[in-house]
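Here you go:
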């Protein structure tokens, strides 16, 4: 299940990282992402609207890969999955959350930025981890350094990734996709500029194709 999820994410190349303050924006945002060619969202659990937003997205667009990000407790894992989240992302490597997800066969992508954290992930059989905050921790150069001894492990950098540096990341063989929020900025969502989000999403999709061509 986790490998199937990873391959779908790899196909897309970019995972929109979404912060929703109001659940009423969830469905129009999901529509904009799907129409823009990225039927995927990592909805961060930083806001009170996150759980309901995941539920609304998953119900309206069942084909969409809706995941929960910034998951800090096993209770949040349960709430996210009950709402319809298909994968869990945590900002750091929390053994309790990772083991809980593995036990329940829920795809999980924990944040890893050090060899020790990567070792913990590999030990548990994880094939893909998040690399966060990417730009603050050396970006592509660090990913290359970490992937050298841990052959076969793939990374999803998030944090500081944008249209300007996406090529730098996606041309690295150890990177399957990047998390990014540049096409789903909070200001655009709040102002209801979903047409703009759709066109920026389409631009991101075109950029991934161009990079990988």
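Numbering (the numbering used here), first residue to last: 4 to 216. Think of the CB as a built atom: it goes at the ideal place given N, C-alpha and C, for glycine as much as any other residue.
- Can you say whether residue 195 is buried or exposed, counting buried as having 16 or more other CB atoms within 10 angstroms of its CB? exposed
(Q) Using 8 Å as the threshold, is the C-beta distance between residue 69 and residue 49 below it? (A) no
Inset, instruction - Give me whichever residues DSSP pairs with residue 44 in a beta bridge. - result: 69
Report yes if the CB atom of residue 59 is closer than 8 Å to the CB atom of residue 204, and no otherwise. no
(request) Just tell me which of 11, 175, 152 and 193 has its CA closest to the CA of residue 66. (result) 11
For residue 102, which residues of its own chain have a beta-carbon under 8 Å away from its beta-carbon, when the five flanking residues on both sides are left out? 127
Close beta carbons around residue 15, own chain, < 7 Å, minus the five adjacent residues each side:
41, 43 and 180
State the Cα-Cα distance for the pair residue 28 and residue 150, rounded to the nearest angstrom.
-> 38 Å
### Message
Need the endpoints of the alpha helix (DSSP H) that residue 135 sits in, please.
### Response
Counting along the chain, residue 135 falls outside any alpha helix (DSSP H), and DSSP gives it neither H nor E.
**Request:** Measure the alpha-carbon distance for residue 214 versus residue 201 and round it to whole angstroms.
**Result:** 20 Å
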